[in-house]
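A short worksheet on the structure shown next.
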Amino acid sequence: MLEDAPDRCSRRGLALYDRRRPRRALRQWPTAALVLFCLIAGIPTTIALTPGRDVVAFGQVITVGARPVQPTPAGPARLVQVGNTALDLRPLTVWGPLRPQLTMGPVQRNAAAAAVFDADRGPAARDAAVTAITEGFVDWYLWAGAGLLAFTLV
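Last residue of the sequence shown? That's 375 in my numbering, and every number before it is there in order.
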């Protein structure tokens, strides 16, 4: 009789195997619910609690971070100017809940800002600005990931 039975059954037969399967399923749905809760509640909490990172690009202080979570699968990045003007950057569509936000203060007139319009120094200034903003976003996302991990573990 055991020769005809599947490899996963024991000497006691298939009944023991079938009784274990529902217990395993009961252990899986609470885990899935907990993971879903940690994502639904943890991502907005992490975005709210992780401060933006200040970087200098083109002689301007720019804060990089994430915009508040919206219940859509994709959306634009956001540019906030001087605290009262928020512009959605429609050409930059981001999939997922973490969408970038750049916050700029008042524009400063200085040599680094003037380098943007100089044909010789412009490309180097652009590359330095892209590097600074990219490093700021990576830094912010690492801190936000650590915050989400802390939220999940607590």
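Here a beta-carbon is modelled for each residue, glycine too, at the ideal position from N, C-alpha and C. Keep in mind the model is a prediction, meaning the values are calculated, not measured.
Extent of the continuous alpha helix (DSSP H) to which residue i belongs
{"i": "D348", "result": "343-374"}
{"i": "A334", "result": "332-335"}
Element boundaries [beta strand (DSSP E), containing residue i]
{"i": "R311", "result": "306-316"}
{"i": "Q329", "result": "Segment: none, Q329 is in no beta strand (DSSP E) and carries neither H nor E."}
{"i": "V303", "result": "Taken as a continuous stretch (DSSP letters only), V303 belongs to no beta strand (DSSP E), as it is neither H nor E."}
For residue i, three-class secondary structure by DSSP
{"i": "Q291", "result": "coil"}
{"i": "G263", "result": "helix"}
{"i": "L323", "result": "strand"}
{"i": "V271", "result": "Sequence inspection shows Thr at residue 271; the Val mentioned does not correspond to that position. Of the three classes helix, strand and coil, the one that applies to T271 here is coil, per DSSP."}
{"i": "A253", "result": "helix"}
Distance, residue j Cα to residue i Cα
{"i": "V337", "j": "W361", "result": "26 angstroms"}
{"i": "R270", "j": "W364", "result": "Inspection of the sequence shows that residue 270 is occupied by Leu rather than by Arg. Answer to the nearest angstrom: the Cα atoms are 10 angstroms apart."}
{"i": "V359", "j": "A340", "result": "30 angstroms"}
{"i": "A332", "j": "L260", "result": "44 angstroms"}
{"i": "E356", "j": "N305", "result": "26 angstroms"}
{"i": "Q249", "j": "L257", "result": "12 angstroms"}
Assumed close pair residue i, residue j - CB separation to whole angstroms, cut-off 8 angstroms
{"i": "I264", "j": "P312", "result": "Going by Cβ atoms, the distance from I264 to P312 rounds to 24 angstroms, so no, they are not a contact pair."}
{"i": "T252", "j": "F372", "result": "About 17 angstroms separates the two Cβ atoms, so there is no contact after all."}
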